[in-house]
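Just so we're aligned, residue 32 is where the sequence shown starts under the numbering used here, counting upward by one.
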Amino acid sequence: MSLTPVFLGLGSNIEREAHLRAGLDALAGLLSDMRCSPVFESRAVGIKSGPFFNLVVAGYSPLPLGELDRRLKFIEADNGRYAPERKGLPLDIDVLLYGDRVGNFDGLVLPRAEILKNAFVLWPLALLAPEGVHPGAQRRFAELWQAARIEQQLWPVPFQWRDRELTPAALLQAFPPAGLG
32 MSLTPVFLGL GSNIEREAHL RAGLDALAGL LSDMRCSPVF ESRAVGIKSG
82 PFFNLVVAGY SPLPLGELDR RLKFIEADNG RYAPERKGLP LDIDVLLYGD
132 RVGNFDGLVL PRAEILKNAF VLWPLALLAP EGVHPGAQRR FAELWQAARI
182 EQQLWPVPFQ WRDRELTPAA LLQAFPPAGL G
């Protein structure tokens with residue numbers, strides 16, 4: 032069985048901790064060697080809503096791209112993403128990278144454009160895989176983050192999953208969380 036390296040972006044602005052933990056629990060059953068970035072809080076981008084928690088997850092998937100994306104939609108649905116009465120975004124999971132694929136794959140454009148546009152994607156990705164290379168830009172994620180001029184504010188926040196602190200204390204001390212009220 033062939034395994035493909037994948038990077039996924041997760042976000043939530045409703046019951047953020049609970050939905051991110053539920054998403055991570057579900058992903059742990061889909062991915063092997065799963066690793067998580069620190070968690071960041073940021074203002075919403077592109078929608079009017081409360082602040083988001085975001086992180087990036089890396090792992091290996093035995094699933095073809097289309098099947099992986101389909102299962103991610105089920106995880107989102109299980110967390111109320113498509114409920115008609117929802118008031119925000121309980122859980123959003125996006126395929127950021129699937130191996131080194133570049134192009135449009137049945138409507139899924141890879142690498143996902145948000146990597147280079149949103150600080151809440153690029154910063155966690157650069158921390159999780161600084162030596163990883165963006166297959167379109169052909170630059171390391173750490174270099175891309177260092178060169179980025181993205182006008183978004185975000186802060187690392189304490190976050191625990193399965194008795195692990197995802198956001199290191201050193202990062203919290205260097206960039207103390209700020210109220211977004």
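Even glycine gets a Cβ: it sits at the ideal position worked out from N, Cα and C. All values derive from a computational prediction rather than experimental measurement.
| query | result |
| --- | --- |
| When you compare the CB positions of N44 and P82, do they come within less than 8 Å of one another, or not? | yes |
| At the level of alpha carbons, what is the spacing between V87 and A53? | 15 Å |
| Following the continuous alpha helix (DSSP H) through P93, name the residue where it begins and the one where it ends. | No alpha helix (DSSP H) holds P93; DSSP gives it neither H nor E. |
| Determine, using beta carbons only, whether L39 and L58 come nearer to each other than 8 Å. | yes |
| From the DSSP output, which residues share a beta bridge with E72? | F84 and W186 |
| With DSSP as the reference, label L141 as helix, strand or coil. | strand |
| Expressed to the nearest angstrom, what Euclidean distance is found between the alpha-carbon atoms of L159 and R171? | 12 Å |
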